[in-house]
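For reference, the structure discussed in these notes is given below.
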Amino acid sequence: MEKSNKYWQSLEEWRNDPKFKELVNSEFMTSPLAGDGEVTEEEGPARRHFLKLMGASMALTTFGCVRRPAQKIVPYANRPHEIVPGVANYYASSFVDGVEGFGTVVTTREGRPIKLEGNKSHPANFGGMSARAHSHVLSLYDPDRANGPKNNLLNEQRTNKDTVNTTWKSADAAISKQLAKGGVAVLTGSVSSPTTKALLNTFKTAFSADHYAWDSIGLGHVSQAQKLCYGQSVVPAYRLDKAKYIVSVDADLLGSYLNPTRQSKGFAQGRKKLNDDMNKLVVFETLMTLTGTNADERFVIHPGEQASLVLALTHEVVSELGFSGGFEGVTSFTASHHEKMKPRFAKALNAIAKELISYRGDALVAAGSPQSQDENAIPLQIAVNLLNTILGNDGKTVDHSNSYSFITGSDAQMYNLIEKMKSGSVKTLVIQGVNPAYAWGDSFAEAAKNVEMVVYVGDRNDETGSISHYLLTESHALESWGDAEVIKGVYSIQQPTIRPLYDTRSFNETLLAWLNKGSEGDDKTAHDYVKSYWSSKIKGPSWNNVLQNGVFTEANLPSGGQRSFNRTALNYLKKLTPVSGLTLNMYSTVGLRDGSLANVSWLQEFPDPVTKICWDNYATVSPKYAAENSLKEGDVVKLTSGKNSLTVPVHIQPGQSDKAVGLALGYGRWAAGEVANKVGVRSIVFAKDFKNTMGHNRVLASLPVKLEKTGKSIPLANVQGHHSMEGRQIVVETTLKDFQKNPESGIHRHKIFSLWSKHKYTGHKWALSVDLNSCTGCGSCIIACQSENNIPTVGKKYVLNGREMHWMRVDRYYVGDPENPSAVHQPLMCFHCDNAPCETVCPVLATVHSDEGTNDMIYNRCVGTRYCANNCPYKVRRFNWFSYTSVKTPLHMAMNPEVTVRSRGVMEKCTFCNHRIKEVQNKQRVAKTKYKDGDILTACQQSCPTDALVFGDMNDPNSQVSKDFADKRTYILLEELNNTPSVRYKTKIRNVASLKKDKHHGGGH
Amino acid sequence: MLKRRPLVTGDKTYKDVTDDICELIERPPGIHFMGLFLGVKALFVFYLVVLAFIVSTGMGLMGVNHPVGWGTDIITFVFWIGIGHAGTLISAVLFLFRQKWRTSIARTAEAMTVFAVMTAGLFPILHTGRPWLAYWLLPYPNQRGPLWVNFRSPLIWDVFAVSTYATVSIVFWYVGLIPDFATVRDRAKNPIRKKIYGILSLGWRGTARDWNHYEMVYMLLAGLSTPLVLSVHSIVSFDFAVAQLPGWHTTIFPPYFVAGAIFSGFAMVITLMVLVRHFYPPFKNYVTLDHMEVMNKIIMVTGLLVGYAYGSEFFIAWYSGAPYEQYAFINRAFGPYAWSYWIMISCNVISPQVFWFKKFRRSIPVMFVASIFVNIGMWFERYVITITTHRDFLPANWGDFVMTFFDLGALFGSFGMFFLLFLLYLRLVPAVSIAEVKPVLFVGKDKGGHH
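Taken in order, these protein sequences are the chains called A and B. Residue 29 is where the first sequence starts when you use the working numbering, and the numbers rise one by one after that. Residue 161 is where the second sequence starts when you use the working numbering, and the numbers rise one by one after that.
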């Protein structure tokens, strides 16, 4: 008894009962946020947090009603070094998206990164970016990121009962205590960072831990087959820049396989040679991929036939054409495959084999996207390796020395880990960089129940987070120091461009903290660590130089050569698993891939480059299959494979196998955040465990499937209304041969005369040329534009209404027989017509012509009659149907202050990145320098991995764009309307004997 | 010599005429009227709510999209503007041509014009993204530098055309009302009523000088209004015809729109007159079956004109050799919105054909149904034209137009506004021109008013 109460209300009070005292102090009987009294003193009373949230939400609701939010701006009292308000700073950095590395230049404004651009000198992407890469900046500002370390209170069933805040100190203390017990396992993706690798090694020795690497869309089958064939477990780089003849067998080289940005860059180099050296792309595939749409020749094969096809091709090369390269013996088992494939592909096999031989050393055969990862995935890779070896491509187009050496992840390691977890020998599991509870399958979560403590280093309490005890919030790549070796010997430093938004640590910092036994690692910050690590390794350039360049290439890399092929690997080819009937084939999309960036709305609304559908995944079936089973677009079907079943809408995909059902990975997340949750279905549940002497891996394709109609139907958000050109001159295609004879081949020109004199442009006249021959339709420009120009996303409901806001779009048309059509892509943005039809009809002069030839939109003058949009023959104008300006905090930080955020009711459209033009012109005015061609890059142009877009001054006869416009290959879309647009196209040239023709007019909707 | 049929039946004396016409505005409303009035008012309030939602939330509530930038608002705007045309035609053109039969329907037809233009006028404002800034379409001196409107834009022409039309129609209607307001004033027993109608009648005393001035002004205004019959809808048609889109960019639009406007306007007059005659039987003596028959003849003739225009459009689309134009028309008739095209054809071309038969021309149920069909058909004509943009040059842009709740709310709600105004008019304003009917009282009758 501390004190005696003079007045008391109850006996408990009189007794000074400790329980009662606690009750008095807590004011409320229960805290609305705290879980089971787990709130400790240092975490503060949750009530305050609750009131804070209440206050904030009330403030937000009242703010929401204000049309124009008034914001106070305060000038810098002491201006930070380097920061000039209104002037962007650029920092070289890098990051790795799954297994694809990017060298980037980060644009920051007033201390916040707003845009990523490719680093031109980085060999991983040479300035090109992917749609996903751009989205990286928005993922930094994702409102669903966790704001600090969390402790998940798991119940008996090991599901998350409640999440409470914790501190680094207490979390580290608890984890260190646990680590000391031994049985530590670390699960990561393939680790690209040399410093992280070094730290992991130290960690492994310090805690006798095991490290497992697994990538959600893995390449274990590739490295395993490389090991079997060449004794070297490596993921080689496909040098499309060197290849003159490319055969892809279900390898989506230009879309989502391995490093599509780099591969597209290389592919375009070969495309741009408009002579006999032009490369040729032959694609055999089960599903229609972006690569398939770019193929010169494309063939549809059925699931499970990939290996047979490659072997048949090998047989043709070795036996029929007698080019064996010492592998005569293989005919004993390739003959049957040749026999099997010959009825359908006799002519093709012969022709391709001939060309492969004539291009030997410059040819490339590739396979390996998820749709080829069936039970024959490794034999397929062995067959591909064999053919590449026979043709002498190994070491040339298959670059195994400058390889993606960091990709070490494999399914086999994951199986190992799960085995150990089940047996209970894993006491502590640390997970970083991957989300196995979502992307592996339910067996992971099940096995995790046997682990005493699961620690998840991630940015949110996602699927894996919610089965973990501790969520150690991880800093975003734009917030932390790091590094990467994305290609062997090519090192890049990852610079932070903003202080962590939340209470987060990078994985390096976390490892450092644990290695220092929870003392927060204050003897070495992540920056110091990265710097000291590299200072000993970098010879030559200074540290600052490396930071500035963003990349450092180790000199004297040994050049690769032909490796000796281990013939025992051929034994695996002798017996392949047969596939029959309708099968399910998972594939990864250009936008979502494994689903790791699923909560970025840009990517959800990014129209798939092939189907043009967004906000969903769907079962793709061939038109023939759909007709036979009377399926219509959007019909909901039940897919059953093994014990699992899912209901999904159907998309009828021209050009895919009748025996295949395609289903995209990366959808169906349930704990990613507001954007991604419940979008699509989680296809990975169908994945099957497959183990034999070759290896242990997941099977993603050729899975027997039953498709049943449910009678329901849901609309799919397709941004494109119609998929045939209806015989109109929209995308002009010609063959290489015809082009060489007549550069204008395929173009129907119109004689235009006008009563009026033309506009006069005395200074610059901005224009853009689009090379349809280089464009692969990857859509990176769409997201580049979205990021640059503060373009909102609208959601599935409004995409269905035709209300998507993309200023830049890529139209895709099919040509020819729906069973195997060819496809063309056409990027469209505002055409900035000289005789702009939008300008004459605007009643209030809100869209006017500049003296530099651009068509300028004056947002604050616009009343929104939408007459301009109606009258635009290209329909590139977008209207703000609602107020899209209010975004969830902190997404507003991703806004580009150079571009007006458009209010409700006004029209908007591509500006030719007018702000970029003005920025350069202002700089040059101050510096008194003259504009040179190439000084101004539009966002789309900058991002384009194939350099298909060229922006410049038409009035300068030496500019690239003037040269392009003078080129006979250039044509004007809808020339007969005499709008004289400033955007013109260059014919698409296919390296084939003859083009596919539309058999029908109309239909095909 | 053929004897003229009487324009007013029932052996009316001058006093009978005044009594019959003024009764409607002098006695308290009956149960039928109140029922109708409350119903229409509810619809009007609903309309206001719908509009409030659209203005406060955004145009996105309606079905308009990319590529169909104009939807229900523009369709219904053109529809109501078209309705107005019959009023001007009857009151002005027929006046100039000294068509005496116009007298008993002119007032109501003009009122219809005014209300239709009022109803229509709201739509172009509402369809803009920022209706609160719609006044920027007016060329007024401002402080925004030399910022002016774009006189090249058909929408500006529209602003002038419609506002001129509204002004002239209202003035014309009002001037015609002055002698009748004076009559009501003179009959009024209630001092407030007397005061109000006294002000409205602008001190009319019925002197020869008054009549002289009145006749002069009326004729001048009729002369002014006459070109408007042609100009307003021509200019409205320019909204489409000046654009370069296939299906819109056609020279036939001005005459075709004018014919369609007169067609739909007369149909609306028939609809309204049938209702007025039904609910207020004394009017049957003023608006006789002969009147109705004449109007039905006009409907038939303009219906044929419209039908000719439909055919001619197709012919020109084919004859032009322009592939986009050809596709636009094939798509109209056989594309996804073919149903709307065929509704239009059957309502506008086929249904008026019943008026070849005198029996049907004089049958109230037949003409009522036919007039409703024509109104529906004419709305669909504008629907067909406006949503043509759903398939234009580049197939990738092709899309759909699906009306939402708010589209339907705005469409049907606008009828609430129109009928509310019309019902108020019936109770506040002499619905037949007393001053004009009296001079024609004896047409077709023997001198002295006896057969």
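We put the beta carbon where it would ideally sit given N, CA and C, even for glycine. All values derive from a computational prediction rather than experimental measurement.
- Within the same chain, and ignoring the five residues on either side of B:R521 in sequence, the residues whose Cβ sits closer than 6 angstroms to its Cβ are E453, N456, F515.
- Under the 8 angstroms Cβ criterion, the stretch 728 to 737 of chain A does not count as touching the stretch 189 to 201 of chain A, having fewer than three qualifying pairs.
- In this model, B:S506 and B:T431 are separated by some 19 angstroms (Cα to Cα).
- Runs of beta strand (DSSP E) with 3 or more residues, each lying fully within the stretch 205 to 271 of chain A, are found at 212 to 216, 238 to 241, listed in chain order.
- In the structure shown, A:K424 adopts coil according to DSSP, grouped into three states.
- Contact annotation: A:E403 and A:F718 have beta-carbon atoms nearer than 7 angstroms.
- One thing to note: B:M219 has its Cβ no nearer than 7 angstroms to the Cβ of A:W468.
- Around B:C182, the same chain offers T343, V344, R347, P590, I594 as residues with beta carbons nearer than 8 angstroms, after the five sequence neighbours per side are excluded.
- Collapsing the DSSP output to three states places A:W794 in a strand.
- When DSSP assignments are scanned along the stretch 646 to 733 of chain A, the uninterrupted stretches of alpha helix (DSSP H) that are 4 or more residues long and fall wholly within it turn out to be 651 to 656.
- Secondary structure of A:T581 (DSSP, three-state): strand.
- In this structure, A:N416 keeps its C-beta atom at 7 angstroms or more from the C-beta atom of A:G452.
- For A:M614, the enclosing beta strand (DSSP E) has its first and last residue at 611 to 615.
- Residue pairing for A:K1014: DSSP places it in a beta bridge opposite A:D799, A:T998.
- A:K424 and A:A391 have their alpha carbons spaced roughly 9 angstroms apart.
- DSSP places B:F213 in the uninterrupted alpha helix (DSSP H) bounded by 191 to 217.
- Residues are counted here when their Cβ sits less than 7 angstroms from a Cβ of chain A; for the stretch 284 to 301 of chain B these are T288, G289, R290, L293, A294, W296, L297, given in chain order.
- Bounds of the beta strand (DSSP E) holding A:Q854 are 850 to 856.
- For the stretch 541 to 562 of chain B, the beta-carbon criterion of a distance under 7 angstroms to any beta-carbon of chain A is satisfied by T549, D552, F553, L554, P555, A556, N557, W558, G559.
- With a beta-carbon spacing of about 15 angstroms, A:Q681 and A:S711 fall beyond the 8 angstroms limit used to define contacts.
- The C-alpha of A:A976 lies about 11 angstroms from the C-alpha of A:R299.
- Take A:Y169, set aside five residues on each side of it, and the residues of its chain with a beta-carbon closer than 6 angstroms to its own are P918, L919, M921, A922, in chain order.
- The DSSP assignment places complete beta strand (DSSP E) segments of no fewer than 3 residues inside the stretch 830 to 907 of chain A at 837 to 843, 850 to 856, 875 to 877, 883 to 885, in order along the chain.
- Only buried fits A:T974, as 16 or more other CB atoms lie within 10 angstroms of its CB.
- Per DSSP, reduced to three states, the secondary structure at A:K455 is coil, with no helix or strand assignment.
- By the CB criterion at 7 angstroms, B:V377 and B:W333 fall outside the cutoff.
- Of all C-beta pairs linking the stretch 326 to 342 of chain A to the stretch 593 to 611 of chain A, three or more are shorter than 8 angstroms, placing the two stretches in contact.
- Put simply, the backbone Cα of A:H860 is about 6 angstroms away from that of A:P1009.
- A:D636 is positioned such that its CB atom lies no closer than 7 angstroms to that of A:V843.
- Around the beta carbon of B:A252, a 10 Å sphere encloses 16 or more other beta carbons of the protein chains shown; the residue is thus reported as buried.
- Ranking B:Q404, B:T288, B:T386, B:V392 by CA distance to the CA of A:N1007 puts B:Q404 first.
- A:P141 sits in a strand when the DSSP states are folded into three classes.
- Under DSSP, A:F327 takes part in a beta bridge, and its partners are A:F312.
- With respect to chain A, the C-beta atom of B:L315 has a partner C-beta closer than 7 angstroms.
- Across the stretch 209 to 240 of chain B, CB contacts with chain A closer than 8 angstroms involve T217, G218, M219, G220, G223, V224, N225, H226, P227, V228, G229, W230, in sequence order along the chain.
- Of A:G353, A:V709, A:S471, A:Y895, the smallest CA-CA separation from A:E936 is found for A:Y895.
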